[in-house]
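Residue 1 is where the sequence shown starts when you use UniProt numbering, and the numbers rise one by one after that. C-beta: ideal position from N, C-alpha, C; glycine also. Given the structure is predicted, the values throughout are model-derived calculations rather than measurements.
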Amino acid sequence: MRKIGGGGFGEIYEGLDLLTKEQVALKVESARQPKQVLKMEVAVLKKLQ
Numbered sequence: 001m002r003k004i005g006g007g008g009f010g011e012i013y014e015g016l017d018l019l020t021k022e023q024v025a026l027k028v029e030s031a032r033q034p035k036q037v038l039k040m041e042v043a044v045l046k047k048l049q
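What follows is the structure, encoded as structure tokens:
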């Protein structure tokens, strides 16, 4: 995997879906992040899909 970005909430890596062979972006969140912030981010990402 190759790091392609990052910020205050985590790091973004380029990866490969082993089933579909598609390129994907993986976000690794900080374990110190409050759970409520992560839940809000998940809700936003679901709406964007």
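Requested in this report: Could you tell me whether the Cβ atoms of valine 28 and glycine 15 are closer together than 7 angstroms?
Outcome: The residue labelled residue 28 in the question sits at position 28 within the sequence shown. The residue labelled residue 15 in the question sits at position 15 within the sequence shown. The Cβ-Cβ distance between valine 28 and glycine 15 does not fall below 7 angstroms.
Query raised in the report: Among Gly10, Gly8, Thr20, Leu26, which one has its Cα closest to the Cα of methionine 1?
Result: Position 1 of the sequence shown, counting from 1, holds the residue named residue 1. Of the candidates Gly10, Gly8, Thr20, Leu26, the one whose C-alpha sits nearest the C-alpha of methionine 1 is Leu26.
**Report entry** First and last residue of the uninterrupted alpha helix (DSSP H) at glutamate 22
**Finding:** As a first step, residue 22 must be located in the sequence shown, where it is residue number 22. No alpha helix (DSSP H) holds glutamate 22; DSSP gives it neither H nor E.
Query raised in the report: Per DSSP, isoleucine 4 is paired with what?
Result: Locating residue 4 in the sequence shown gives position 4, counting from the first residue. In DSSP, isoleucine 4 forms no bridge with anything.
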